[in-house]
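Q:
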Amino acid sequence: MRITDTSDLWWKSAVIYCLDVATFLDYDDDGVGDFAGLAHRIDYLQELGVTCLWLMPFYPSPGGDDGYDVSEYYGIRRELGDLGDFVEMIRMAEDRGIRVIVDLVVNHTSDQHPWFTAARSDPESPYRDFYVWRDRTPRTKEQNEFPDVEDGIWSYDEKAEQYYQHRFYSFQPDLNVTNPAVRDAVAKIMGFWLQLGVSGFRVDAVPFLIDHSGAEDAPGALDDPLDFLKSLRAFLGRRSGDAMMLGEANIPHDEQVAYFGGSDGDGLTMQFDFVANQQMYLALARQDPTPLVEALKARPDIAIESQWANFVRNHDELTLDKLSESERDEVFDAFAPEPEMRFHGRGITRRLPPMLGGDPRRVRMAYSLMFSLPGTPVLYYGEEIGMGENPDLDDRTGVRTPMQWTNEAGGGFSHAPRRKLVRPVTEGAYGPEHVNATDQRHDDDSMLNFMKRIIERYRASAEMGWGQCEVYDHDAPTVLAHTLTGEEGRMLALHNFAPEPATVTLALEGMEHGSTLVDLLVNDRTMSYDGDGTITIPLDGYDYRWLRVLPAETKRLG
Numbered sequence: 331m332r333i334t335d336t337s338d339l340w341w342k343s344a345v346i347y348c349l350d351v352a353t354f355l356d357y358d359d360d361g362v363g364d365f366a367g368l369a370h371r372i373d374y375l376q377e378l379g380v381t382c383l384w385l386m387p388f389y390p391s392p393g394g395d396d397g398y399d400v401s402e403y404y405g406i407r408r409e410l411g412d413l414g415d416f417v418e419m420i421r422m423a424e425d426r427g428i429r430v431i432v433d434l435v436v437n438h439t440s441d442q443h444p445w446f447t448a449a450r451s452d453p454e455s456p457y458r459d460f461y462v463w464r465d466r467t468p469r470t471k472e473q474n475e476f477p478d479v480e481d482g483i484w485s486y487d488e489k490a491e492q493y494y495q496h497r498f499y500s501f502q503p504d505l506n507v508t509n510p511a512v513r514d515a516v517a518k519i520m521g522f523w524l525q526l527g528v529s530g531f532r533v534d535a536v537p538f539l540i541d542h543s544g545a546e547d548a549p550g551a552l553d554d555p556l557d558f559l560k561s562l563r564a565f566l567g568r569r570s571g572d573a574m575m576l577g578e579a580n581i582p583h584d585e586q587v588a589y590f591g592g593s594d595g596d597g598l599t600m601q602f603d604f605v606a607n608q609q610m611y612l613a614l615a616r617q618d619p620t621p622l623v624e625a626l627k628a629r630p631d632i633a634i635e636s637q638w639a640n641f642v643r644n645h646d647e648l649t650l651d652k653l654s655e656s657e658r659d660e661v662f663d664a665f666a667p668e669p670e671m672r673f674h675g676r677g678i679t680r681r682l683p684p685m686l687g688g689d690p691r692r693v694r695m696a697y698s699l700m701f702s703l704p705g706t707p708v709l710y711y712g713e714e715i716g717m718g719e720n721p722d723l724d725d726r727t728g729v730r731t732p733m734q735w736t737n738e739a740g741g742g743f744s745h746a747p748r749r750k751l752v753r754p755v756t757e758g759a760y761g762p763e764h765v766n767a768t769d770q771r772h773d774d775d776s777m778l779n780f781m782k783r784i785i786e787r788y789r790a791s792a793e794m795g796w797g798q799c800e801v802y803d804h805d806a807p808t809v810l811a812h813t814l815t816g817e818e819g820r821m822l823a824l825h826n827f828a829p830e831p832a833t834v835t836l837a838l839e840g841m842e843h844g845s846t847l848v849d850l851l852v853n854d855r856t857m858s859y860d861g862d863g864t865i866t867i868p869l870d871g872y873d874y875r876w877l878r879v880l881p882a883e884t885k886r887l888g
């Protein structure tokens with residue numbers, strides 16, 4: 331299938347940028363970010379090269395889980411604005427070629443959602459079966475996702491006089507997707523936001539969304555829970571032919587294939603590659619790319635409509651649960667040596683620059699690596715300027731601090747008094763006086779301008795989103811060498827995981843005499859291939875190269 335025949339698959343070569351409206355820009359200076367502030371920063375996102383904006387939950391919520399405890403699916407939290415502000419932001423983004431996707435959090439609701447209020451109040455209510463209830467809890471206690479906070483997955487409700495299921499916090503009762511009415515309600519929610527102009531959804535906690543445990547024998551249960559994902563994808567296709575679903579499914583690669591819909595590709599459109607992400611951190615800790623190489627080689631084949639999403643950091647803890655205990659300890663020792671830097675013993679609550687000791691070479695190498703891996707890159711707000719975390723905040727909130735726009739107090743996020751800010755601004759070496767977007771816009775060697783360049787080169791290299799990946803063997807053990815080959819051409823990527831220089835000698839199949847290797851990240855740096863069967867490339871410590879392979883007879887630009 332030619333790329334020109336599948337240009338509607340925009341997510342294959344997108345640049346996705348995740349942000350929380352509440353911490354991005356406070357336009358009315360009440361201490362909380364808002365949609366008016368986001369609208370005033372759409373041009374910034376366009377300049378950066380963002381093509382898809384992912385918004386974390388902005389729905390009405392009691393705020394017990396940073397907005398993931400939704401109490402109303404058809405509205406916007408009052409302090410963020412209203413639906414008019416949302417639509418205006420969508421219009422401005424579309425005008426600049428930026429699509430918008432929103433979080434779909436339907437594996438549970440808030441216990442203050444009207445559905446749950448009705449369910450617990452009356453056993454005859456049609457909403458009773460929107461949730462999973464039991465008169466008695468199972469003898470075998472199942473561990474909650476937050477074992478340090480919750481004792482199991484069942485809580486007793488005095489009003490309902492039954493136990494309800496919650497895989498996460500007790501104020502987040504699980505929805506019962508074996509109930510066809512719940513499945514219809516989920517589709518209705520999607521239809522509403524599609525009508526307002528969104529281009530898809532980041533689907534939260536997918537394995538829990540389709541989990542039938544506790545209600546396996548319900549009359550409406552599907553024979554295969556994955557059919558729910560397929561039905562949502564089909565609905566999406568009917569309502570909007572080019573909308574997508576990006577799934578959060580922290581599961582092994584072989585299970586992810588089924589979530590994609592197998593060879594038909596009729597399930598989730600995209601999925602985060604948590605396996606490769608965790609192996610990347612193990613590789614960084616060891617200064618040896620082997621764990622990541624093994625993860626890339628183990629990636630299963632997926633349909634052309636499907637795509638992997640690559641990331642360095644996200645809005646949650648940096649989860650390490652797919653590593654062995656000894657491997658996890660290696661990463662902890664390297665990047666989170668103090669207990670307060672860890673989350674429930676399974677993850678890290680830090681951003682990348684502090685984890686890497688602030689070494690700009692290593693930080694940039696990590697992002698160069700992420701963009702060069704086969705798949706679609708996903709950035710978390712502030713990564714483009716090298717923001718750090720606030721270690722004084724608990725758990726995940728340390729990486730959810732206000733965006734740092736200027737070097738003034740409040741980081742240009744808000745002029746409200748410090749006590750009114752939705753969350754404290756980071757202080758110290760990564761505070762806004764040292765790390766902010768304004769100063770970096772005027773510094774050619776800044777992290778921001780590095781990120782702009784790397785995004786520009788990524789967008790101009792179709793093989794990076796569409797191409798086939800091949801990892802090369804060579805004689806430099808600290809270097810990852812891989813090619814991406816597509817209809818538009820081929821690119822060689824080299825990344826040195828160690829601080830010491832290395833020299834890579836390798837043979838590239840299909841190289842013709844007179845071919846040229848053009849460095850996409852450094853102007854006027856090229857290499858000619860003399861036809862002896864190998865190429866030799868020196869790398870500095872933590873160095874990285876993107877080399878476009880140009881045959882002697884080509885119309886492609888270098």
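Take any residue in the sequence shown, note its place counting from 1, add 330, and you have its number in the numbering used here. Beta carbons are placed, not taken as given, at the ideal position from N, Cα and C, and that holds for glycine.
1) Going by Cα to Cα distance, which pick from Pro-707, Leu-552 and Tyr-589 is closest to Cys-348?
2) Quick check on DSSP: helix, strand or coil for Val-380?
3) Flag this pair as yes or no: are the beta carbons of Ala-606 and Leu-626 separated by less than 8 Å?
4) I need the straight-line Cα distance from Met-422 to Val-345, nearest angstrom please.
5) For Gly-687, count neighbouring Cβ atoms within 10 angstroms of its own Cβ and tell me buried if that reaches 16, exposed if not.
6) Got a sec? Which residues, its chain only, sit under 7 Å from Leu-339 by beta carbon, not counting five neighbours each side?
7) Let me check one thing: in DSSP terms, what residues is Ser-485 bridge-paired to?
8) Just to confirm, is the Cβ distance from Asp-356 to Ser-702 under 8 Å?
9) Among Glu-818, Thr-649 and Glu-839, whose alpha-carbon lies nearest the alpha-carbon of Tyr-802?
10) What does the alpha-carbon distance come out to for the pair Ala-792 and Pro-619?
11) So which of Glu-757, Asp-805, His-583 and Asp-689 has the shortest CA-CA distance to Asn-720?
12) Does Val-971 pass the burial test, meaning 16 or more other C-beta atoms within 10 Å, or should it be called exposed?
13) In the DSSP output, what is Val-432 paired with across the bridge?
14) Evaluate contact between the region 435 to 453 and the region 393 to 411, counting only Cβ atoms and requiring at least three cross-stretch pairs below 8 Å.
15) How would you call Ser-593, buried or exposed, if buried means at least 16 neighbouring beta carbons within 10 angstroms?
16) Can you tell me whether DSSP reads Ala-811 as helix, strand or coil?
17) Note down the Cα distance separating Leu-566 from Gly-712, rounded to an integer number of angstroms.
18) Since Ala-588 is in the alpha helix (DSSP H), which residue starts that stretch and which ends it?
19) Here's a check: name, in chain order, each residue in its chain whose Cβ is nearer than 8 Å to the Cβ of Met-794, leaving out the five neighbours to either side.
20) Quick one: measure Cβ to Cβ for Leu-732 and Gly-741, integer angstroms, because I've assumed they're closer than 8 Å.
21) Please identify the residue among Thr-768, Gly-718 and Ile-678 whose C-alpha is closest to the C-alpha of Trp-735.
22) Could you tell me which uninterrupted beta strand (DSSP E) segments, each at least 3 residues in length, are contained entirely in the region 636 to 660, listed from first to last along the chain?
23) Got a sec? Which residues, its chain only, sit under 6 Å from Asp-873 by beta carbon, not counting five neighbours each side?
24) Run through DSSP, which three-state label would Glu-839 get?
25) Go through the region 396 to 469 residue by residue and report every complete run of the beta strand (DSSP E) that reaches 3 residues or more, in order.
26) According to the neighbour-count rule (16 or more other Cβ atoms, all chains shown, within 10 Å of its Cβ), is Thr-334 buried or exposed?
27) Relative to the C-alpha of Met-386, which residue among Leu-378, Asp-775, Asp-350 and Phe-662 is closest?
28) Can you give the Cα-Cα distance for His-542 and Ala-490, rounded to whole angstroms?
A: So, to answer that:
1) Pro-707
2) coil
3) yes
4) 18 Å
5) exposed
6) Within the same chain, Leu-339 has close Cβ partners Glu-635.
7) Tyr-494
8) no
9) Glu-839
10) 25 Å
11) Distance check between Asn-720 and each of Glu-757, Asp-805, His-583 and Asp-689 places Glu-757 closest, using alpha-carbon atoms only.
12) With the chain covering 331 to 888 only, the question about residue 971 has no answer from this structure.
13) Leu-385 and Phe-531
14) yes
15) exposed
16) strand
17) 31 Å
18) 583 to 590
19) Ser-343, Phe-701, Ser-702, Pro-704, Tyr-788, Leu-814 and Met-821
20) Leu is not the amino acid found at residue 732; the sequence shown has Pro there. Pro-732 to Gly-741, Cβ: 6 Å. Contact.
21) It is Thr-768 whose Cα lies nearest to the Cα of Trp-735.
22) 637 to 641
23) Asn-826
24) Coil at Glu-839, not helix or strand.
25) 429 to 434
26) With a pLDDT of 47 at Thr-334, under the threshold of 50, the predicted position of this residue should be treated as unreliable, and no value is reported.
27) For Met-386, the nearest C-alpha among the options comes from Asp-350.
28) 22 Å
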